[in-house]
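Encoded as structure tokens, the structure appears first; notes follow it.
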Ligand SMILES: Cc1cc2nc3c(=O)[nH]c(=O)nc-3n(C[C@H](O)[C@H](O)[C@H](O)COP(=O)(O)O)c2cc1C
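Numbering (this note's numbering), first residue to last: 5 to 245.
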């Protein structure tokens, strides 16, 4: 059982990396073999909308005009049974790096032959060989958990898109809000990002997240992407809005 972490932080030893490492420790205790890739260490170029991938309806990993490291990472995803996505919250969303990577994944791992809400030509998974368990960890600078909805639009976006891209089910997610070791002074608030810490309970939550992810894979209970369920979730979120 293989769990792959794709981490879109810009800091090798920052908070996202610390929690992702903890989650992978948890996955290992549940029997997983793990790998942690920092996307910033790879050559990942912008999609140019050349449509080479979009035009290929056969391949399980569609070709691309860029000759960079994305194919290597997509092969890792194909091989994995579970994928954990890590990202700091930047401007209320995932980092630009995560977004650029996902744009590149889009039609390379999905083909435009599906149908949603009666609309033909919607993307559907190419990697239908197995169902992959998906999870995310996002870290934030100062917005506490109870205000997550105003800060973290990235997790919902990942939940909407990743099951279709990786042909799987989103199993669990974590939002790790800032924790400050003492009441900050007005002056300290100006440097709040430098002062934030992670708590032991956030590390514990990450550890449990990894265990849950691996346990679901081991149970064989991960469902492949289900367009009808995705439509239902879409309708529910539209009704909420
Ligand atoms: C450009 C930028 C934008 C940010 N935007 C937000 C934000 O919208 N909300 C928030 O709570 N934190 C924000 N942060 C803080 C980061 O989410 C926080 O420091 C995070 O823990 C960094 O993760 P890292 O330690 O892996 O780098 C931002 C940081 C940067 C550099």
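Backbone N, C-alpha and C define an ideal beta-carbon position, used for all residues, glycine too.
Three-state secondary structure assigned by DSSP to residue i
i: residue 205; result: helix
i: residue 140; result: strand
i: residue 38; result: strand
i: residue 17; result: coil
i: residue 53; result: coil
i: residue 174; result: strand
i: residue 152; result: helix
i: residue 31; result: helix
i: residue 185; result: coil
i: residue 46; result: coil
i: residue 226; result: coil
i: residue 166; result: helix
i: residue 7; result: strand
i: residue 135; result: coil
i: residue 180; result: strand
i: residue 147; result: coil
i: residue 220; result: helix
i: residue 240; result: helix
i: residue 26; result: helix
i: residue 12; result: coil
i: residue 194; result: coil
Residues sharing a beta bridge with residue i, DSSP
i: residue 123; result: 120
i: residue 128; result: 115
Residue i CB to nearest heavy atom of ligand 2 below 7 angstroms
i: residue 20; result: The model depicted lacks ligand 2 and carries ligand 1 instead.
Can you list, in chain order, the stretches of the alpha helix (DSSP H) that have 4 or more residues and sit fully within the region 60–108?
Fully contained in the region 60–108 are the following alpha helix (DSSP H) runs of length 4 or more, in chain order: 74–83.
By C-beta, the residues closer than 7 angstroms to any heavy atom of ligand 1, given in chain order:
Proximity to ligand 1 was defined by a C-beta distance below 7 angstroms to any of its heavy atoms, and the residues meeting it, in sequence along the chain, are 13, 14, 15, 18, 19, 20, 21, 92, 93, 94, 95, 96, 143, 144, 145, 146, 147, 155, 182, 197, 200.
Would you be able to state if there are at least three C-beta pairs under 8 angstroms between the region 41–57 and the region 65–73?
Yes: the two stretches touch, three or more of their Cβ pairs being nearer than 8 angstroms.
With a cut-off of 8 angstroms, do at least 3 Cβ pairs link the region 150–157 to the region 113–126?
no
Kindly confirm or deny that the region 195–203 and the region 169–178 touch, where touching means at least three C-beta pairs closer than 8 angstroms.
no
Report yes or no: do three or more beta-carbon pairs, one from the region 212–227 and one from the region 171–190, lie closer than 8 angstroms?
With three or more CB-CB distances shorter than 8 angstroms, the region 212–227 counts as touching the region 171–190.
Pairing CB atoms from the region 16–31 with CB atoms from the region 78–95, are three or more of them under 8 angstroms?
yes
For the region 131–139 and the region 217–237, state whether three or more C-beta atom pairs, one from each stretch, are separated by less than 8 angstroms.
Touching, yes, given that three or more Cβ pairs across the two stretches are closer than 8 angstroms.
Do the region 90–102 and the region 9–19 touch if we need at least three Cβ pairs shorter than 8 angstroms?
yes
Does the region 97–111 come close enough to the region 53–72 to have 3 or more Cβ pairs within less than 8 angstroms?
yes
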